[in-house]
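Asks: First residue of the sequence shown: 15, per the numbering used here; consecutive thereafter.
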Amino acid sequence: MFRYLARHHDRKHIKRSLQRQERISKSAIGFAHDTSLAFAVNEPVVKNGDHDLAVTTLCETEAFFTPLLPAEPIYQDAHRVIFESDIKTSDEKNNVFECVVTESGAKDHALVVFHHWYSRNRYPAFSKYFARRGMTVVEATLPYHFSRGSNDCSEEQFFNASVGRTVRSMRQAVLDGRKIVRWLKGQRYRTISVVGMCLGGTVAGLVAAQEEKVDKAVLMVTPPSPADLIWTSETMQRLKGRIEPSMSLEDLRKAWTLINLDMHTFWLSRPELELLFVQGKRDTIARPERARHLIHELTSLRGRPPELLQLNCGHSSIGMFPYNIIAARKVLRFLMEIPTLKELWEVRNFRIDLSGV
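1. Just list the alpha helix (DSSP H) runs in the region 99-153, keeping only unbroken ones of 4 residues or longer that don't cross its boundaries, in chain order.
2. Assign P84 to one of two classes, buried (16 or more other C-beta atoms within 10 Å of its C-beta) or exposed (fewer than that).
3. Check this for me: beta carbons of G44 and A154, under 7 Å apart or not?
4. Would you kindly check if the distance between the Cβ of T249 and the Cβ of S31 is under 7 Å?
5. Can you give me the C-alpha to C-alpha distance between D265 and R146, rounded to a whole angstrom?
6. Please name the residue or residues paired with G294 in a DSSP beta bridge.
7. Report all residues from its chain with a CB closer than 6 Å to the CB of D105; omit the five preceding and five following residues, and keep chain order.
8. Per DSSP, which one or two residues make a beta bridge with T205?
9. Determine the direct distance from the alpha carbon of M15 to that of A52, and round the result to whole angstroms.
10. Please classify I88: is it buried, with 16 or more other beta-carbons within 10 angstroms of its beta-carbon, or exposed?
11. Enumerated in chain order, which unbroken segments of the alpha helix (DSSP H) with a length of 4 residues or greater are wholly contained in the region 193-276?
12. Please report the straight-line C-alpha distance between E321 and L290, rounded to a whole angstrom.
13. If I follow the unbroken alpha helix (DSSP H) through R343, where does it start and stop?
14. The alpha helix (DSSP H) spanning C73 covers which residue range?
15. Considering only C-alpha positions, which residue in the set A187, S39, V151, A92 is nearest to N109?
16. Assign R94 to one of three DSSP states: helix, strand, or coil.
17. Return the first residue and the last residue of the alpha helix (DSSP H) that S314 is part of.
18. So, does the region 292-305 touch the region 225-243, judging by three or more C-beta pairs under 8 Å?
19. S164 bridges to which residues according to DSSP?
20. Would you mind sorting R267 into buried or exposed? The rule is 16 or more other CB atoms within 10 Å of its CB.
21. Suppose you measure from the CA of A241 to the CA of M149; what does that come to, to the nearest Å?
22. By DSSP, does E288 sit in helix, in strand, or in coil?
23. Run the CB neighbour count on L82, radius 10 Å, all protein chains shown included, and call it buried at 16 or more, exposed below.
24. Helix, strand or coil for A46, going by three-state DSSP, please let me know.
25. If contacts are defined as beta-carbon pairs under 8 Å, then V127 and Y137 qualify, I think. What distance do you get, rounded to the angstrom?
26. Helix or strand or just coil, what does DSSP make of S176?
27. So, helix, strand or coil for Y18, using DSSP?
28. Distance, Cα to Cα, C6 vs I309?
29. Using the C-alpha atoms, what's the distance from K40 back to I332?
30. Specify, as a first and last residue, the run of the alpha helix (DSSP H) that L51 falls within.
31. For T103, which residues of its own chain have a beta-carbon under 7 Å away from its beta-carbon, when the five flanking residues on both sides are left out?
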């Protein structure tokens, strides 16, 4: 019965995603190579020219994701913190980002959460649940989402058929995430973890790879390779159609080397970083088989496999009962403690809407 309900839930959200794509089809960003934009720190003065995005050395990758500005907020109160982004885009609203903070009252553990692409809602129940267990939760804002968007389809600027623009947006998200982690460390939090959903999980993985202050990372229904996500996801076929006439999958993989978690295994395999992958066996969006290479490489480099939870559900249904309870138990045990049955029962009404992808 649960498998049937999960399948119905996933089909409903996939249909919603496809309908959204139909609505914005006329304003969707078309294919562009624009590799110089990927390296632009200030978009209004970006110079034309062709750059090689197929970065292959560790030093080049580290330099690309090196923070540019201090981790100092421009505004702070009890419930939110606002930072200036290291990357300046032509959209002024995108150049600052807000973090929603749910305080735990302790400095033991801070959890930075990265939402999914095209998210319309944050995760307040998730944040309150973990805050009650002693973890301060900081909800990041991905580029062009929520207050960083200027119209109803601003999120399209984050992930699209413009090769350089997508790399630039992912870089901006990673630098923003590193800034949050560095700020939390300055607030004297002893343990800092990151968690991300779908493309937010890819960002969380990149932050964990490049920021040594991250102690633990939870990657939920996460595509290690954004290029493969476009080629295999049930909801990405329109986007694939805008890219495929000009680039093959292999070409796109090379162009997006910098944002492919498979290329960050050296950093992700450091002994002090703990990793948990949460997957849906029937996920037709972030297909679990696409993460096998990453998990195999991490196992080889670390000498032990990262923790892995595979649930008998799909992409969006990972947030519905009973899969959300199973996932919550695993995540809590991974982060800090073994939850009680009463605590797990409180998770039954969690709803993390992943219909954006």
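Note that CB positions come from ideal geometry on N, CA and C, so glycine has one too. Predicted model, so just to flag it, every value in this text is computed and none were measured.
Replies: With the given structure in hand:
1. 138-145
2. exposed
3. no
4. Cβ atoms of S31 and T249: closer than 7 Å.
5. 46 Å
6. L325
7. S164
8. H123
9. 47 Å
10. exposed
11. 213-224, 240-246, 251-257, 263-269
12. 5 Å
13. 337-349
14. 72-78
15. A187
16. strand
17. 306-316
18. yes
19. Partner residues in a beta bridge of S164, as assigned by DSSP, do not exist.
20. Sixteen is the threshold: when 16 or more other Cβ atoms of the shown chains lie within 10 Å of the Cβ of R267, as they do, the residue is buried.
21. 34 Å
22. strand
23. exposed
24. strand
25. 6 Å
26. strand
27. helix
28. What the structure shows of the chain is the stretch from 15 to 371, and residue 6 is not part of that stretch, so it cannot be assessed.
29. 32 Å
30. Neither: L51 is in no alpha helix (DSSP H) and is coded neither H nor E.
31. E57, N109
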